[in-house]
Amino acid sequence: MPRQRLTLLGATGSIGASTLDVAARHPERFEVTALVAHKNADALRELCRRHRPRYAALLDETAAQRLRQGLREDGIPSEVLSGAEGVQALAALPEVDTVLAAITGAAGLLPTLAAARSGKRVLLANKESLVMGGALFMEAVRTGGATLLPALLPVDSEHNAIFQCLPGAAQQCGTRAPGVRKIILTASGGPFRETPLAALREVTPEQACAHPVWKMGRKISVDSATMMNKGLEVIEAHWLFGMPASAIEVVIHPQSIVHSFVEYLDGSTLAQLGSPDMRTPIAQALAFPERIDAGVTALDFSAMQALTFAAPEPGRFPCLTLAYQALNAGGNAALTLNAANEVAVEAFLNRRIGFLDIASVCDAVLSESPITTAATTVEDAMEFDAVARRVAERHVARHVVERQAVRKGA
């Protein structure tokens, strides 16, 4: 059997590390053809030393030049591309079969679309591609002419779990499976699920990034703490599985053992269980329809503690409520929410605004922005995104002024 040739978008992140670990365990099955990252030249240089890809790319032009110089010094012949055009070129390489899309945020939309349009099997770990341009992306998948079926496989642990619990004949993303009543996404609840609400006002970036279960990047860790991450996953699930907001539920499951449920019309509920390790969904997607060793320790049910579930508190997690509102509103509301959240989270990580201000900024931007029809072109999506970011920056600036006034009055 010929090896599956991979392009990895987001190679230096946690998903990238897990993907490369799984691929390295099966060199007879997978060939890492191209590695792509944002601007971490040193980390990508080390990955090129280990995996010897034919191509590498960095979005940042200066970082790409550093990478070229470093690889020349190492005697590694990987061809280095740069900028948005270089990244999209590697997402659409003719010799590549599969693209794992794990670039965080809006930056992942264009290369992920390029992969879908060029007929690659897309393993999706970039939920923003669906949040920003769900209809655009699903149309690209349908018309891209992928030769590996299914053409789209979800890698997020929750959506991958749902995919595994669907009937075999329905494991093609984009349409609602027959007989399904609803899908239930599990959430750990992040580090503040039991923190007194009054104490959330003083939360620091370090505390928000200290996830109790998963090891993730800083932005997604904050999203987990606010549960905006789960809200974006609700929107993603709508596009992946053809379900309305009313048929997508979220439950808090602190142990992160049950990764999601599918409830059927006959009263049956199927769940996918596993250790909280991203190598499991990555391996499932890479090898589908087969199963391969992912290096993950199996569950020991005799030693397992109780599994608990609870409904999320709206007052504790307003970002989750905002995501449902955006999904129900339709048009460009989800895109607007995502842009506002990215701006607000960056401001929080830079200590410009407080933790609770993230939801406040997102709410203000959603309330102020007109809800137009959904983007029908990439240009529309990027323009909506830019407008929402400008509005969000204005609200961030307002919170900065308010915080400064409070400090002066203290």
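FYI, my numbering numbers position 78 of the sequence shown as 82, with every residue one higher than the one before it. The beta carbon of each residue, even a glycine, is placed where N, CA and C say it ideally should be.
For this session: Measure the C-alpha to C-alpha separation of V226 and K219 and round it to an integer number of angstroms.
Result: The sequence position of residue 226 within the sequence shown is 222, counting from 1. The sequence position of residue 219 within the sequence shown is 215, counting from 1. Whole-angstrom Cα-Cα distance: 12 Å.
Problem set entry | Residue from V91, A47, A93 and E99 with nearest C-alpha to L75 | Locating residue 75 in the sequence shown gives position 71, where the first residue counts as 1. When each option's Cα is compared against that of L75, the closest is A47.
For this session: Take every Cβ of the region 253-270, pair it with every Cβ of the region 54-65, and state whether three or more of those distances are shorter than 8 Å.
Result: Counting Cβ pairs under 8 Å, fewer than three are found: no touch.
Problem set entry | Within 9 Å, strictly: CB atoms of G14 and A38 | Here the question's residue 14 lines up with position 10 in the sequence shown. Here the question's residue 38 lines up with position 34 in the sequence shown. In this structure, A38 does not lie closer than 9 Å to G14 by Cβ.
Exercise. With C-beta atoms as the reference, is L189 less than 9 Å away from V238?
Worked result: Position 185 of the sequence shown, counted from the first residue, corresponds to residue 189. Position 234 of the sequence shown, counted from the first residue, corresponds to residue 238. Judged by beta-carbon spacing, V238 lies within the 9 Å limit of L189, meaning their Cβ atoms are closer than that value.
Exercise. Thinking C-alpha only, which one of L94, E99, L204 and V369 is nearest R398?
Worked result: Along the sequence shown, read from residue 1 onward, the residue named residue 398 stands at position 394. Considering only alpha carbons, the answer is V369.
Exercise. Contact check, G123 vs T151 under 8 Å by CB: the rounded distance?
Worked result: Residue mapping note: residue 123 aligns to position 119 of the sequence shown, counting from 1. Residue mapping note: residue 151 aligns to position 147 of the sequence shown, counting from 1. Between G123 and T151, the beta carbon gap of about 7 Å places them in contact (Cβ cut-off 8 Å).
Exercise. Where Q153 and S22 are concerned, what is the direct C-alpha to C-alpha distance, given to the nearest angstrom?
Worked result: Here residue 153 corresponds to residue number 149 of the sequence shown, with the count starting at 1. Here residue 22 corresponds to residue number 18 of the sequence shown, with the count starting at 1. The amino acid at residue 153 is misidentified as Gln; the sequence shows Leu. Inter-residue distance for L153 and S22 is about 23 Å (C-alpha atoms, whole angstroms).
For this session: Counting only the same chain and skipping the five closest in sequence on each side, list residues whose C-beta sits under 6 Å from that of V84.
Result: In the sequence shown, residue 84 corresponds to position 80, counting from 1. These residues qualify, in order along the chain: A60, A68, L71 and R72.
For this session: Would you be able to state if there are at least three C-beta pairs under 8 Å between the region 131-146 and the region 239-246?
Result: The region 239-246 vs the region 131-146: in contact.
Problem set entry | L12 vs A110 beta-carbon contact at 9 Å | Taking the sequence shown and counting its residues from 1, the one referred to as residue 12 is at position 8. Taking the sequence shown and counting its residues from 1, the one referred to as residue 110 is at position 106. Between L12 and A110, the C-beta spacing is not below 9 Å.
For this session: Report all residues from its chain with a CB closer than 7 Å to the CB of C52; omit the five preceding and five following residues, and keep chain order.
Result: Residue mapping note: residue 52 aligns to position 48 of the sequence shown, counting from 1. Result list for C52: L39, A60, L75, I80 and S82, in chain order.
For this session: Please classify V391: does DSSP put it in a helix, a strand, or coil?
Result: Reading the sequence shown from its first residue, position 387 is the one you call residue 391. Helix at V391.
For this session: Return helix, strand or coil for A61, following the three-state DSSP convention.
Result: Here the question's residue 61 lines up with position 57 in the sequence shown. Judged by DSSP in its simplified three-state form, A61 adopts strand.
For this session: Quick one: residues in its chain with C-beta nearer than 8 Å to the C-beta of R180, no 5 flanking neighbours on either side, listed in chain order?
Result: Here residue 180 refers to the residue found at position 176 when the sequence shown is read from its first residue. The residues are F245, G246 and M247.
Problem set entry | Counterpart residues of P316 in DSSP-defined beta bridges | Taking the sequence shown and counting its residues from 1, one reaches residue 316 at position 312. P316 is not bridged to any residue.
Problem set entry | Whole-number beta carbon distance between N336 and P366, since they are thought to touch under 8 Å | Within the sequence shown, residue 366 is the residue found at index 362, counting from 1. Within the sequence shown, residue 336 is the residue found at index 332, counting from 1. Looking at the sequence shown, residue 366 is not Pro but Cys. Contact between C366 and N336 is absent: CB atoms are separated by about 14 Å, not below the 8 Å threshold.
For this session: Please name the residue, chosen from F305, L201, G178 and G299, that lies closest to D25 on a Cα-to-Cα basis.
Result: Taking the first residue of the sequence shown as position 1, residue 25 is located at position 21. Of the listed residues, the one whose Cα sits closest to D25 is G299.
Problem set entry | Buried or exposed by the 16-neighbour rule on C-beta atoms within 10 Å, applied to E375 | For the purposes of this step, residue 375 is taken as residue 371 along the sequence shown, with counting starting at 1. The residue asked about is misnamed: residue 375 is Ile in this sequence, not Glu. Its Cβ having fewer than 16 others within 10 Å, I375 is exposed.
For this session: Pull up the CB-CB distance for T230 and C323, whole angstroms please, since I reckon it's below 8 Å.
Result: One-based indexing of the sequence shown puts residue 230 at position 226. One-based indexing of the sequence shown puts residue 323 at position 319. Contact flag correct, Cβ pair sits at about 4 Å.
For this session: Return yes when the Cβ of G87 is within less than 9 Å of the Cβ of L114, no when it is not.
Result: Walking along the sequence shown from the start, residue 114 turns up at place 110. Walking along the sequence shown from the start, residue 87 turns up at place 83. At a Cβ-Cβ threshold of 9 Å, L114 and G87 do not count as neighbours.
Problem set entry | DSSP three-state assignment for P248, whether helix, strand or coil | Locating residue 248 in the sequence shown gives position 244, where the first residue counts as 1. In the structure shown, P248 adopts coil according to DSSP, grouped into three states.
Exercise. Using the beta-carbon count (16 or more within 10 Å), is D160 buried or exposed?
Worked result: As a working note, residue 160 is residue 156 in the sequence shown. With 16 or more other Cβ atoms within 10 Å, it is buried.
For this session: Using the Cα positions of F2 and A27, report the straight-line distance between them to the nearest angstrom.
Result: There is no way to answer for residue 2, as the model of the chain reaches only from 5 to 414.
Exercise. Anyone know if the C-beta pair for A191 and S250 falls short of 9 Å?
Worked result: Start at 1 with the first residue of the sequence shown, and residue 191 comes out as number 187. Start at 1 with the first residue of the sequence shown, and residue 250 comes out as number 246. No. Outside cutoff.
Problem set entry | Touching by the beta-carbon criterion (3+ pairs, under 8 Å), the region 162-172 and the region 263-273 | Judged by Cβ distances under 8 Å, the region 162-172 makes contact with the region 263-273, as three or more pairs qualify.
For this session: Leaving aside the five residues before and after R197 along the sequence, list all residues of the same chain whose C-beta is less than 8 Å from its C-beta, in chain order.
Result: Taking the sequence shown and counting its residues from 1, the one referred to as residue 197 is at position 193. These residues qualify, in order along the chain: I256, P258 and R320.
Problem set entry | Start and end residues, beta strand (DSSP E) containing F265 | Taking the sequence shown and counting its residues from 1, one reaches residue 265 at position 261. Its beta strand (DSSP E) spans residues V262 to Y268.
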